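As given, the protein sequences belong to chains A and B, one line each in that order.
Position 94 (the first sequence) corresponds to 94 in full-length UniProt numbering; numbering is contiguous.
Position 91 (the second sequence) corresponds to 91 in full-length UniProt numbering; numbering is contiguous.
From the three backbone atoms N, C-alpha and C, an ideal C-beta is built for every residue, glycine too.
This one's a predicted model, so the numbers in the text were calculated from it and none came from an experiment.
Protein chains: 2
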Amino acid sequence: MATTTSGTRRRVGKPRGSYAKTDEKRRAILDAALEVFAQSGYRSGSIRDIAERVGMSEAGLLHHFPNKSTLLAAVLERRDDRAVQFIPLDENFGGRSTVNGLLELASYNASEPGVVELYCTLSAEGTSPDHPAHQYFIDRYEWSRGMIERAFTIIQAEGDLRPGVTPASAAARTLAMMDGLQVQWLLDRDVLDMTEELRNFFRTIVSYEL
Amino acid sequence: MATTTSGTRRRVGKPRGSYAKTDEKRRAILDAALEVFAQSGYRSGSIRDIAERVGMSEAGLLHHFPNKSTLLAAVLERRDDRAVQFIPLDENFGGRSTVNGLLELASYNASEPGVVELYCTLSAEGTSPDHPAHQYFIDRYEWSRGMIERAFTIIQAEGDLRPGVTPASAAARTLAMMDGLQVQWLLDRDVLDMTEELRNFFRTIVSYEL
DNA sequence: GTCTATAGAGGGATAGAC
DNA sequence: GTCTATCCCTCTATAGAC
Numbered sequence: 001m002a003t004t005t006s007g008t009r010r011r012v013g014k015p016r017g018s019y020a021k022t023d024e025k026r027r028a029i030l031d032a033a034l035e036v037f038a039q040s041g042y043r044s045g046s047i048r049d050i051a052e053r054v055g056m057s058e059a060g061l062l063h064h065f066p067n068k069s070t071l072l073a074a075v076l077e078r079r080d081d082r083a084v085q086f087i088p089l090d091e092n093f094g095g096r097s098t099v100n101g102l103l104e105l106a107s108y109n110a111s112e113p114g115v116v117e118l119y120c121t122l123s124a125e126g127t128s129p130d131h132p133a134h135q136y137f138i139d140r141y142e143w144s145r146g147m148i149e150r151a152f153t154i155i156q157a158e159g160d161l162r163p164g165v166t167p168a169s170a171a172a173r174t175l176a177m178m179d180g181l182q183v184q185w186l187l188d189r190d191v192l193d194m195t196e197e198l199r200n201f202f203r204t205i206v207s208y209e210l
Numbered sequence: 001m002a003t004t005t006s007g008t009r010r011r012v013g014k015p016r017g018s019y020a021k022t023d024e025k026r027r028a029i030l031d032a033a034l035e036v037f038a039q040s041g042y043r044s045g046s047i048r049d050i051a052e053r054v055g056m057s058e059a060g061l062l063h064h065f066p067n068k069s070t071l072l073a074a075v076l077e078r079r080d081d082r083a084v085q086f087i088p089l090d091e092n093f094g095g096r097s098t099v100n101g102l103l104e105l106a107s108y109n110a111s112e113p114g115v116v117e118l119y120c121t122l123s124a125e126g127t128s129p130d131h132p133a134h135q136y137f138i139d140r141y142e143w144s145r146g147m148i149e150r151a152f153t154i155i156q157a158e159g160d161l162r163p164g165v166t167p168a169s170a171a172a173r174t175l176a177m178m179d180g181l182q183v184q185w186l187l188d189r190d191v192l193d194m195t196e197e198l199r200n201f202f203r204t205i206v207s208y209e210l
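And the structure:
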């Protein structure tokens with residue numbers, strides 16, 4: 001096999017080193033796009049703004065990404081594993097490790113306001129059926145709920161889920177709590193400690209010490 | 001006192017009846033604006049779209065509201081008491097009645113997707129400091145947290161708050177839960193019962209039967 | 001790979017006629 | 001109170017030069 005495809009780029013018959021600058025540009029564009037989409041949302045965020053931040057023209061930017069929605073998809077794809085990396089998913093997947101991972105994620109989020117803004121803004125915007133990221137968010141929530149539900153099921157089997165709590169309900173409520181805390185935190189970062197409140201929430205769900 | 005001011009309108013020296021049609025138009029505009037701002041947000045929602053829905057020109061609409069942000073303020077002001085009406089605020093304010101009121105509010109919300117969309121979309125958009133509704137949402141959350149905190153303080157005094165739960169934390173988390181459930185509900189209305197999940201949440205906060 | 005130029009759509013707001 | 005006409009801005013995307 002002589003061809004490798006990475007996204008839409010083709011790297012056939014040329015030395016890799018000559019693409020270093022292109023990849024750097026792409027990364028710079030994605031960083032700027034994250035900022036802009038986070039602050040203005042997708043619909044109101046402009047390619048012009050992104051291009052300015054990265055120091056190039058709109059046409060220059062569109063050489064790397066054919067259009068705006070492709071750029072959004074690339075931003076989401078790039079940041080997607082961010083959350084997942086906090087949770088051991090393979091054979092090390094466990095109940096308590098997932099809960100701890102979510103707490104660490106909340107803590108990490110508090111250090112990256114831009115990313116919090118991005119997901120908060122885009123998930124609300126993305127509730128519209130005609131939004132380019134609509135299906136992305138549907139899939140993302142479905143997957144996350146399932147993952148967290150499995151974690152709580154394990155905790156329940158260990159006898160550490162509080163009476164009356166079901167794994168499915170607790171999973172949906174965990175995501176809701178994380179999302180909702182972010183809104184209040186973005187409005188006023190001093191009014192609320194996201195990690196501490198998420199921990200308080202978990203204390204009402206599981207019976208072991210946290 | 002010969003003058004009455006209602007918003008920016010002045011009704012001096014003319015019979016009230018002659019304004020019935022104007023008020024009707026204003027209401028129609030506000031209804032359309034709610035739909036548009038709910039579906040597209042403030043920044044991407046257009047006066048043009050709102051005017052079309054109400055069957056008039058942009059200039060005609062702008063006769064009633066001088067500009068776009070004034071229109072947004074009017075939409076928010078009009079729908080603001082919606083939530084408050086579910087909670088007895090005067091001398092009848094109480095712990096359990098507030099919790100019940102919030103459950104009824106969640107139930108009402110599920111029957112008015114447009115209003116849920118509006119607040120979900122705008123509160124996320126409004127986290128930006130330059131958004132015209134930014135301060136509105138800061139004030140709104142602060143007021144709501146205080147109100148709910150007072151309710152939980154009463155419940156605590158009655159010995160019905162679960163051990164380890166503080167009124168302030170429970171208040172912030174109650175709002176977070178309501179907001180977060182709405183996002184998931186808007187993405188897929190069959191995946192989740194907002195009222196039931198809010199009730200499940202309250203069960204982890206208070207110790208009396210719900 | 002990046003630019004200029006431009007097309008073509010859509011937006012907020014104002015002036016002035018009726 | 002509502003309209004048409006208009007101004008001037010912003011936006012995405014494409015064509016084609018370099």
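* Asked: In chain order, what residues of the UniProt domain "HTH tetR-type" (23–83) of chain A put their CB closer than 8 angstroms to some CB of chain B?
  -> Q39, S40, G41, R43 and S44
* How many whole angstroms separate the CB atoms of A124 of chain A and T121 of chain B, which I take to be in contact at a CB cut-off of 8 angstroms? -> 5 angstroms
* To do: Give the DSSP bridge partners of V206 of chain B, in chain order.
  => B:L161
* To do: Compute the distance between the beta-carbons of L102 of chain B and L210 of chain B, then report whether it is under 9 angstroms.
  => no
* To do: Anything in chain B within Cβ reach of N109 of chain A, meaning under 8 angstroms, just list it in chain order.
  => Correct list: empty, because the minimum Cβ distance to chain B is about 14 angstroms.
* **Anticipated Cβ contact below 8 angstroms, R162 of chain B with S97 of chain B, distance rounded** => With 8 angstroms as the limit, R162 of chain B and S97 of chain B do not qualify as a contact, their Cβ atoms being about 19 angstroms apart.
* Using three-state DSSP, classify D190 of chain A as helix, strand or coil. => coil
* Asked: What residues from chain B crowd round S207 of chain A, counting only those whose CB sits closer than 9 angstroms?
  -> Within chain B, no residue comes near S207 of chain A; the closest Cβ sits about 12 angstroms away, beyond 9 angstroms.
* Asked: Shortest alpha-carbon distance to R87 of chain A belongs to which of A:H134, A:M147 and A:G55?
  -> Reading off the sequence, residue 87 of chain A comes out as Ile, not Arg. Nearest of A:H134, A:M147 and A:G55 to I87 of chain A, Cα basis: A:M147.
* Asked: T105 of chain B lies in the alpha helix (DSSP H); which residues open and close that run?
  -> With the sequence shown as reference, residue 105 of chain B is identified as Leu, and Thr is not the correct amino acid for it. From DSSP, the alpha helix (DSSP H) with L105 of chain B extends over G95 to A110.
* Asked: Closest by CA to G95 of chain A, which one among A:A170, A:M178 and A:L72?
  -> A:A170
* Asked: By how many angstroms is the C-alpha of G45 of chain B removed from the C-alpha of H131 of chain B?
  -> 14 angstroms
* The alpha helix (DSSP H) enclosing A133 of chain A, as first and last residue numbers -> It is not in any alpha helix (DSSP H) - A133 of chain A carries neither H nor E in the DSSP assignment.
* What in chain A is Cβ-close to Y141 of chain B, meaning under 9 angstroms? -> V183, Q184, L187, D188 and V191
* Asked: Within 9 angstroms (strictly less), CB to CB, does R150 of chain A reach chain B?
  -> no
* To do: Please confirm if S128 of chain A has its CB atom under 9 angstroms from at least one CB of chain B.
  => yes
* Asked: What residues of chain B sit near S169 of chain A, judged by a beta carbon separation below 7 angstroms?
  -> E197 and N200
* DSSP three-state assignment for I47 of chain A, whether helix, strand or coil -> helix
* Who are the near neighbours of F201 of chain B in its chain, counting only those whose CB is closer than 6 angstroms to its CB and skipping five residues on each side? -> M177
* **CA-to-CA distance, W143 of chain B to P66 of chain A, given in whole angstroms** => 46 angstroms
* Asked: Less than 9 angstroms separating the beta-carbons of A110 of chain B and D193 of chain B?
  -> yes
* **Beta carbon proximity, T204 of chain A to chain B, threshold 9 angstroms** => yes
* Asked: Between the beta-carbon of L30 of chain B and the beta-carbon of A74 of chain B, is there less than 9 angstroms?
  -> yes
* **Test item: CB-CB of R173 of chain A and L181 of chain B under 9 angstroms** => yes
* Is there a Cβ from chain A that is less than 9 angstroms from the Cβ of M147 of chain B? -> no
* Anything in chain B within Cβ reach of I138 of chain A, meaning under 7 angstroms, just list it in chain order. => L187 and D188
* Who are the Cβ neighbours of H64 of chain B in its own chain at under 8 angstroms, not counting the five residues just before and after it? -> T22, K25, R26 and I29
* Start-to-end residues for the alpha helix (DSSP H) that takes in P88 of chain B -> Here P88 of chain B belongs to no alpha helix (DSSP H), and DSSP marks it neither H nor E.
* P66 of chain A (DSSP reduced to helix, strand or coil) -> coil
* **CA-to-CA distance, S128 of chain B to D190 of chain A, given in whole angstroms** => 16 angstroms
* To do: Let me know if S40 of chain A comes out buried or exposed under the rule of 16 or more other beta-carbons within 10 Å of its beta-carbon.
  => buried
* Report all residues from its chain with a CB closer than 7 angstroms to the CB of residue 216 of chain B; omit the five preceding and five following residues, and keep chain order. => No answer is possible for residue 216 of chain B: it lies beyond the span of chain B, which begins at 1 and ends at 210.
* Asked: Where do the ends of the alpha helix (DSSP H) carrying T121 of chain B lie?
  -> P113 to E125
* What distance in whole Å lies between the Cβ atoms of I47 of chain A and L61 of chain A, which are believed to be in contact at a cut-off of 8 angstroms? -> 6 angstroms
* Would you call A20 of chain A buried or exposed, if buried means 16 or more other Cβ atoms sit within 10 Å of its Cβ? -> exposed
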